[in-house]
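In the order they appear, the protein sequences are chains R and Z.
Just so you know, the first sequence maps onto residues 1 to 259 in my numbering.
Just so you know, the second sequence maps onto residues 1 to 259 in my numbering.
Number of protein chains: 2
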Amino acid sequence: MVQWARFRSNDGRGGFGIFEETQIVEYEGDLFDSPRPAGRTIPMNACTLRSPCAPSKMVALWNNFHALAAKLAKQAPAHPLFLLKPGTSVIGPGDPIRRPAGYKGKIAFEGELGIVIGRRCKDVPAYEAESCIFGYTCVNDVTAAEVLNENPDFAQWCRSKGYDTFGCLGPVIATDLDWPSARVVTKVDGTERQNYPLSDMIIPPAELVSLVSHDMTLLAGDVIACGTSLGVGSIKDGATVEIEIDGIGALTNMLAPPR
Amino acid sequence: MVQWARFRSNDGRGGFGIFEETQIVEYEGDLFDSPRPAGRTIPMNACTLRSPCAPSKMVALWNNFHALAAKLAKQAPAHPLFLLKPGTSVIGPGDPIRRPAGYKGKIAFEGELGIVIGRRCKDVPAYEAESCIFGYTCVNDVTAAEVLNENPDFAQWCRSKGYDTFGCLGPVIATDLDWPSARVVTKVDGTERQNYPLSDMIIPPAELVSLVSHDMTLLAGDVIACGTSLGVGSIKDGATVEIEIDGIGALTNMLAPPR
C-alpha cells in the first residue's frame, strides 16, 4: 500500500508525493498519469498537507449502510442515491470548516470512506470498475442540517452539503486499501461518536464506481463519498472533528468560530 | 450587446471570439479575463460552435417562475432551490443528447435562461451581483423524468439531470441582454411547446447570483440555469429541441436514436 499526499511547503510551493510519516518523497507530473520521482524529499515540518486531490465533483451517497438504513427504516437502495458536492466545497486536513455567513443552525459531521477515481471513465462494467479506483481517502461530509429541509417542497441536498469547506478530504490517498476489514471512527473533541465497519456497506466501492459511471463520466481525481452510518451528529463552533480509517489515517478539521 | 462563441474549426483547432452571423472575430487568452483580438476571423462554414463556456458546475433552479409555481400550487421560494449538474453534462449547439444506456423512460426538455458568471465570486451583496454576470445563454435542462422519483425515499435530482449531454448550452453568450423584455420559446420538431416571458421570474438574475454566491463560490464560466416555466414535456428519440431567446439566438439539439 502506498499513501499519496499533496502538500504546500512552508515557503509556498505546491507539490505531491508518497507520504512516509516524517517526510514526503516528491513526485512530478500528474498524480493520475504516470507521475515521475522528483528525486527529492520534503520533511513534514517544512510543509502542510492539502486535500490529496482536487475533484471536479464529489458524488455523495445517501443511505448506503445497512445499520443506518435499518435505524431510518429505509429500504436498501438498488442504485446509488446521491447528491453532488461542488469542487469548491473541498478542503484538506487541518483546514477550518467555515459556518456559512448568516447561518446560525446546526452543522453536522458525517465520517465516510471516499473513493478516489484514477482515470476518466463512463459506463464501466462491474468487472472493470476496480481498475478505475486510484485509492481511498477519509471524507467528512459536512451538512448545514437546518437548510436541508428548510423548504417543504424541495429537499436542499446540494445546498446544505455544498457550502465552501463542507467537503473535507484527507489526509492521504491510500492505494490497495483492504477496505472491507477497516472501520470508520469519528471523534468530536476526542470523544468517539462513530465507529462502524465498512463491511456493512450496501453497495460496495467497485459496484458504486460502475453504477455511478453509468450516470455520468467520472474524471481522475473525482471522489465518491460512500455514505455514512450510525452516530452522525452536530458540532459546536470551535469543535474539532477527526475521521480515522485504518490504513488511511486521521482527517482533522475544526469548525471555526464565526469571524 | 456582444455575442461570444467558442468554436472548433473544421481542421480541429479550438478557439473563441465575437460571433457575427457569418463569421467569428477571433480572440485569444481567457474569455473571462481581458481577451485580446487575435487579428483574424473564421467563417462560420469553416467551423462548428461548441458550448460557449465550460462550467465547473451548473446550478439549476427549481420553481423560479410564478406561472409554473401557480400551476404546481407551490409557494414562491424565498431562497433559490437548486440542484447541481456536473460539468460533464454540458454539450453545445448541434451536439446530440444521448439517452442513458439502459434507460427506456421519458426524457424531458426544459427551456431556460442561463446566467454565465464572469469572475470568481463569494458572498456577493445584491448591489454588486450584476458585475459578476458576464452574459446570458440558452439552456436545455434535460431530465430522465422517470429516474427523478424512482426511489420513494430520495428525489434523484442530480442523477436524473446530471447525465452526460443533459446540460445543453448555447449558441452564444450575449452580454448586456435586456432579459426582462425577452421570452423563452421552445420548439420540438418545429412545434412551439413553451413561450414564456422572463419577466415572470421569481428571483431575478442578479439576486440569484448574490444568493447562490452565499451558498458556494461561483467561478468564471459557471452557469446558473434560471429554471423553467409552463410547457415542459418529453421528447421521442430523434426529436429536435430548439430553445430560442431574443438576443441570444436558438440552441438546437437532437435526442439521438439509441446506438
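Glycine is no exception: its CB is placed at the ideal position from the N, C-alpha and C atoms.
Straight-line gap, residue i to residue j (C-alpha atoms, nearest Å)
| i | j | result |
| --- | --- | --- |
| Cys132 (chain Z) | Val209 (chain Z) | 8 Å |
| Ile173 (chain R) | Phe134 (chain R) | 8 Å |
| Arg8 (chain R) | Gly15 (chain R) | 6 Å |
| Ala155 (chain R) | Ala145 (chain R) | 11 Å |
| Asn63 (chain Z) | Ala78 (chain Z) | 11 Å |
| Val241 (chain Z) | Leu72 (chain R) | 42 Å |
| Gly87 (chain Z) | Asp176 (chain R) | 29 Å |
| Gly249 (chain Z) | Val139 (chain Z) | 11 Å |
| Glu21 (chain Z) | Arg50 (chain Z) | 15 Å |
| Ser56 (chain R) | Ile91 (chain R) | 13 Å |
| Ile243 (chain R) | Asn151 (chain R) | 31 Å |
| Pro35 (chain R) | Met1 (chain R) | 17 Å |
| Glu128 (chain R) | Ala220 (chain R) | 16 Å |
| His214 (chain R) | Glu207 (chain R) | 11 Å |
| Asn253 (chain Z) | Gly118 (chain Z) | 25 Å |
| Val59 (chain R) | Gly29 (chain Z) | 32 Å |
| Ile97 (chain Z) | Ser181 (chain Z) | 30 Å |
| Phe65 (chain Z) | Asp200 (chain Z) | 6 Å |
| Gly247 (chain Z) | Ala126 (chain R) | 47 Å |
| Phe166 (chain Z) | Arg99 (chain Z) | 9 Å |
| Lys104 (chain Z) | Lys74 (chain Z) | 30 Å |
| Asn149 (chain R) | Asn149 (chain Z) | 18 Å |
| Ala46 (chain R) | Asn10 (chain R) | 5 Å |
| Ala101 (chain Z) | Ile235 (chain Z) | 17 Å |
Contact list for residue i against chain Z, beta-carbon separation under 8 Å
| i | result |
| --- | --- |
| His214 (chain R) | Pro100, Ala101, Gly102 |
| Lys122 (chain R) | Asp164 |
| Thr191 (chain R) | Those do not exist, as Thr191 (chain R) stays about 30 Å from chain Z at its closest Cβ, beyond 8 Å. |
Check whether residue i and residue j have beta carbons under 8 Å apart
| i | j | result |
| --- | --- | --- |
| Leu84 (chain Z) | Cys158 (chain R) | yes |
| Gly114 (chain R) | Val223 (chain R) | yes |
| Trp4 (chain Z) | Pro52 (chain Z) | yes |
| Ala225 (chain R) | Asp164 (chain R) | no |
| Gly233 (chain Z) | Ala54 (chain Z) | no |
| Gly231 (chain Z) | Glu112 (chain Z) | no |
| Ile245 (chain Z) | Ala76 (chain Z) | no |
| Ile24 (chain Z) | Ile42 (chain Z) | yes |
| Leu81 (chain R) | Leu61 (chain R) | yes |
| Gly170 (chain R) | Thr137 (chain R) | yes |
| Asp189 (chain R) | Ala239 (chain R) | yes |
| Pro257 (chain R) | Asp237 (chain R) | yes |
| Val184 (chain R) | Leu198 (chain R) | yes |
| Gly162 (chain R) | Ser89 (chain R) | yes |
| Arg40 (chain R) | Glu26 (chain R) | yes |
Closer than 7 Å at the beta carbon, the chain R residues around residue i
| i | result |
| --- | --- |
| Lys74 (chain Z) | Asp153 |
| Lys71 (chain Z) | Ordered by position in chain R, no residue passes the 7 Å Cβ test against Lys71 (chain Z), which lies about 13 Å from the chain. |
| Pro77 (chain Z) | Asn151 |
| Thr217 (chain Z) | Thr88, Asp164 |
Contacts of residue i in chain R (Cβ-Cβ under 9 Å)
| i | result |
| --- | --- |
| Lys106 (chain Z) | Within chain R, no residue comes near Lys106 (chain Z); the closest Cβ sits about 17 Å away, beyond 9 Å. |
Closer than 8 Å to chain R by CB, residue i
| i | result |
| --- | --- |
| Pro257 (chain Z) | no |
| Thr143 (chain Z) | no |
8 Å Cβ cutoff, residue i in contact with chain Z
| i | result |
| --- | --- |
| Thr228 (chain R) | no |
| Thr137 (chain R) | no |
| Thr186 (chain R) | no |
Any chain B beta carbon closer than 8 Å to residue i
| i | result |
| --- | --- |
| Thr240 (chain R) | Absent from the structure: chain B. Protein chains present are R and Z. |
Under 9 Å (Cβ pairs) to chain R, residues found in the stretch 37-67 of chain Z:
Ser56, Lys57, Val59, Trp62, Asn63
query: Taking a cut of 7 Å between CB atoms, which residues from the stretch 155-183 of chain Z lie near chain R?
result: Ala155, Gln156, Cys158, Arg159, Gly162, Tyr163, Asp164
> Which residues, taken in chain order from the stretch 79-99 of chain R, show a beta carbon closer than 9 Å to some beta carbon of chain Z?
Replying inline: His79, Pro80, Leu81, Phe82, Leu83, Leu84, Lys85, Pro86, Gly87, Thr88, Ser89
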